[in-house]
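Position one of the sequence shown corresponds to residue 38 (the working numbering), numbered consecutively onward.
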Amino acid sequence: MEKMECAQAVLVGICTDASGMEQCERSLCELERLLETAGGRALAKVIQNKEHPNPRTCIGSGKVLEVREICRAYHVELVIFDLELSPAQIKNLEDDIGDDVRVIDRSMLILDIFALHAVTGEGKLQVELAQLKYTAPRLVGKGIEMSRLGGGIGTRGPGESKLESDRRHMKRRIAALEEELRQLDRTRQTMRAARDRSGIRKVAIVGYTNAGKSTLLNRLTNAGILAEDKLFATLDPTTRKLELPDGTSVLLTDTVGLIRKLPHHLIHAFKSTLDEAVYADLLMIVVDAADPEYAEQLETTEQLLAELGAAEKPALYVFNKCDKGAAAAFRSLGSDAGRRRTVAISAQTGQGVEHMLEVLQEMLHEGKRRVLFRIPNAEAGALNQLYQMATVETVDYGPEQIQVTAIVDEKTHGMLRRFDPDWRAPGEG
């Protein structure tokens, strides 16, 4: 997609009793970074102190007038709200501000960034589906209807031509997209099943957007994926094989970054991508410990992982960017009563990465041991059990038996201990 001219925008936030001014300002700063990632620039920020959003326009009439005057004085054509707006609120705001100013919300801006960064076919389908379900109903205003999708922040994406179609066909398009994604999800599940049979452990790299996940995957595997100092630089998951210091292989998957105020419909749209965290054996939660808001970002990450059903996964907390003065953050949060397994690294320079891999290796092998099984050919089905339940390292097919070296937990060893020549029943010599 051709790069657009830098668009100027007015950012609007609401400070309620629940949020507080400091939190509102931090969220607006993050919205500004999102806008910059989308190719725009914030001209002004407006904050409304209001206990509850106005049901008609979200902000009060005085603030609407203030936003209107800023837009007219500086010829601004875009206003972005740092919360979710209803279709009626968008229409009312655009009517009141006038001058063909477009009003979008935080979710629409995130969708726009997703549209810019979607590379794979599945990523583009997910973006289009999310746009149709969320953005289309909010694009009615000033009689422009769907034709207003001519370009600009909050309006672009792989689904542009579809969004210009008549509304009567939208439901059909949504149904077709959902079916395509179901087919892709079935393919992904087949691939996951094949990985499970291979016995290779799966590790998902998760964390707040721009924490350094892609940089870490590139450092470990030379994956060659985009790693920029921007929010949501990576959208599509990338999986690479990594060999640990003891020779054990694991599959590392980089996932889409998480962010505060990520709407549920977006989580649902990218569920197949985020499911990589759910199906992983272990999570590497990357924290940008150089960011002043690292604690809040980590809390958001853990909340979203809980929503996905991955909260109970074994996790290694990777405090990244320790070359940028993150040591204090690592010490204060990493020593949390021993609840977290933590390491401090710099994915950029490689500092601490070797130690991180050693800790990762220990965690993957905790409660497990390497066992040499001798399985008679007549009971070769036990080998399939090992592939499903253990890490199979070597297989040697003999004329009468199969020799298998595998790393197993106590449960798996108990099921197959009859094939372990070193196992002795209690009381035996």
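Where is the CB? At the ideal position from N, CA and C, for every residue including glycine.
Other residues of its chain near Gly451: CB distance less than 6 Å, five sequence neighbours each side excluded | Here the question's residue 451 lines up with position 414 in the sequence shown. Taken in chain order, the list of residues that qualify is empty.
According to DSSP, residues forming a beta bridge with Ile51 | Taking the sequence shown and counting its residues from 1, the one referred to as residue 51 is at position 14. According to DSSP, Ile51 bridges with Gln85.
Would you be able to state if there are at least three C-beta pairs under 8 Å between the segment 347-362 and the segment 218-225?
-> no
If you run the structure through DSSP and keep just helix, strand and coil, what is Val18?
-> Absent from the model: residue 18. The displayed extent of the chain is 38 to 466, so no value can be given.
Along the beta strand (DSSP E) that carries Arg139, what are the first and last residues, could you check?
-> In the sequence shown, residue 139 corresponds to position 102, counting from 1. It spans 139-142 - the beta strand (DSSP E) in which Arg139 sits, taken as one unbroken run.
According to DSSP, which residues form a beta bridge with Gln438?
-> Translated into positions along the sequence shown, residue 438 becomes position 401. According to DSSP, which records beta bridges pairwise, Gln438 is partnered with Pro413.
Put Val390 into one of helix, strand or coil per three-state DSSP.
-> Residue 390 sits at position 353 when you count from the first residue of the sequence shown. Three-state result, Val390: helix.
From Thr379, Asn86, Leu341, pick the residue whose C-alpha is nearest to that of Asn357; which is it?
-> By 1-based counting over the sequence shown, the position of residue 357 is 320. Taking only the C-alpha atoms, the option nearest Asn357 is Thr379.
Cβ neighbour criterion (16 or more within 10 Å) applied to Val156 | The residue you call residue 156 lines up with position 119 of the sequence shown. Looking at its Cβ environment, which holds fewer than 16 other Cβ atoms inside 10 Å, Val156 is exposed.
Measure from the alpha carbon of Val396 to the alpha carbon of each residue in Leu319, Val116, Glu339, then state which is nearest.
-> Taking the first residue of the sequence shown as 1, we reach residue 396 at position 359. Cα-wise, what sits closest to Val396 is Leu319.
Output the distance between the C-alpha atoms of Ala347 and Glu165, rounded to the nearest integer angstrom.
-> Along the sequence shown, one-based indexing puts residue 347 at 310. Along the sequence shown, one-based indexing puts residue 165 at 128. Going from the Cα of Ala347 to the Cα of Glu165 covers about 26 Å.
Cβ-based neighbour list, Val432, same chain, cut-off 6 Å, excluding 5 preceding and 5 following | The residue you call residue 432 lines up with position 395 of the sequence shown. Correct list, in chain order: Val441.
Whether Ile134 touches Cys108 by CB criterion (9 Å) | As a working note, residue 134 is residue 97 in the sequence shown. As a working note, residue 108 is residue 71 in the sequence shown. Yes. Within cutoff.
Straight-line CA distance for Glu159 to Leu218?
-> Residue 159 sits at position 122 when you count from the first residue of the sequence shown. Residue 218 sits at position 181 when you count from the first residue of the sequence shown. Using only the alpha carbons, I get a separation of about 7 Å.
Quick one: grab the DSSP three-state call for Thr285.
-> Residue 285 sits at position 248 when you count from the first residue of the sequence shown. Of the three classes helix, strand and coil, the one that applies to Thr285 here is coil, per DSSP.
Presumed contact (8 Å Cβ cut-off) between Leu311 and Val324, rounded CB distance = The residue labelled residue 311 in the question sits at position 274 within the sequence shown. The residue labelled residue 324 in the question sits at position 287 within the sequence shown. So it is not a contact: roughly 18 Å between Cβ atoms.
C-beta neighbour in chain B for Asn129, strict 9 Å = Protein chain content of the structure displayed is limited to a single chain, and chain B is not contained in it.
What is the DSSP secondary structure of Leu218, reduced to helix, strand or coil?
-> The count along the sequence shown starts at 1 and reaches residue 218 at position 181. Helix, per DSSP.
Return the CA-CA distance between Leu186 and Val445, expressed in angstroms with no decimal places.
-> On the sequence shown, position 149 is the one that residue 186 refers to. On the sequence shown, position 408 is the one that residue 445 refers to. Only weak support exists for where Leu186 lies, its pLDDT of 43 falling under 50; the value from the coordinates is given anyway. Between Leu186 and Val445, the C-alpha separation is close to 56 Å.
Using the C-alpha atoms, what's the distance from Arg139 back to Lys179?
-> For the purposes of this step, residue 179 is taken as the residue at position 142 of the sequence shown. For the purposes of this step, residue 139 is taken as the residue at position 102 of the sequence shown. In this prediction, Lys179 scores a pLDDT of 42, lower than 50, which makes its location untrustworthy; the coordinate-derived value is nonetheless stated afterwards. Going from the Cα of Lys179 to the Cα of Arg139 covers about 10 Å.
Would you report the Cα separation of Arg93 and Ala125, rounded to the nearest angstrom?
-> Stepping through the sequence shown from its first residue, residue 93 is reached at position 56. Stepping through the sequence shown from its first residue, residue 125 is reached at position 88. In a straight line, the C-alpha of Arg93 is about 7 Å away from that of Ala125.
So, are the CB atoms of Ile51 and Cys61 less than 9 Å apart?
-> On the sequence shown, residue 51 is found 14 positions in, with the first residue counted as 1. On the sequence shown, residue 61 is found 24 positions in, with the first residue counted as 1. A contact, by the Cβ cut-off of 9 Å.
Along the chain, where does the beta strand (DSSP E) that runs through Ala352 open and close?
-> As a first step, residue 352 is located in the sequence shown; it is residue number 315 there, counting from the start. From DSSP, the beta strand (DSSP E) with Ala352 extends over 352-357.
In angstroms with no decimal places, state the Cα-to-Cα distance between Lys278 and Met321.
-> Here residue 278 refers to the residue found at position 241 when the sequence shown is read from its first residue. Here residue 321 refers to the residue found at position 284 when the sequence shown is read from its first residue. Cα to Cα, the separation comes out at about 15 Å.
Hey, quick one: how far does the alpha helix (DSSP H) through Gly418 stretch, first residue to last?
-> The count along the sequence shown starts at 1 and reaches residue 418 at position 381. Note, Gly418: alpha helix (DSSP H), 418-426.
Below 8 Å on the Cβ atoms is my guess for Ala381 versus Thr252; work out the distance and round it to an integer in Å.
-> Stepping through the sequence shown from its first residue, residue 381 is reached at position 344. Stepping through the sequence shown from its first residue, residue 252 is reached at position 215. Contact doesn't hold; Cβ gap of about 15 Å is too wide.
How many angstroms separate the CA atom of Gln220 from the CA atom of Leu162?
-> Locating residue 220 in the sequence shown gives position 183, counting from the first residue. Locating residue 162 in the sequence shown gives position 125, counting from the first residue. Distance between the alpha carbons of Gln220 and Leu162: 12 Å.
If you compare alpha carbons, which of Glu215, Gln438, Asp291, Thr276 is closest to Gly249?
-> Within the sequence shown, residue 249 is the residue found at index 212, counting from 1. Selected option, being the one with the closest Cα: Asp291.
In the DSSP assignment, find the unbroken beta strand (DSSP E) run with Ala241 in it and report its ends.
-> Taking the sequence shown and counting its residues from 1, the one referred to as residue 241 is at position 204. Counting along the chain, the beta strand (DSSP E) containing Ala241 begins and ends at 238-244.
Which word fits Glu182, buried or exposed, when buried means at least 16 other C-beta atoms lie within 10 angstroms of its C-beta?
-> What you label residue 182 is simply residue 145 of the sequence shown in a count that begins at 1. The predicted model places Glu182 with a pLDDT of 42, which falls under 50 and marks its position as unreliable; any figure quoted below should be read in that light. Glu182 should be labelled exposed.
Compare the Cα-Cα distances from Tyr331 to each of Cys359, Ala75, Phe118 and report the closest residue.
-> The count along the sequence shown starts at 1 and reaches residue 331 at position 294. Here the closest residue by C-alpha is Cys359.
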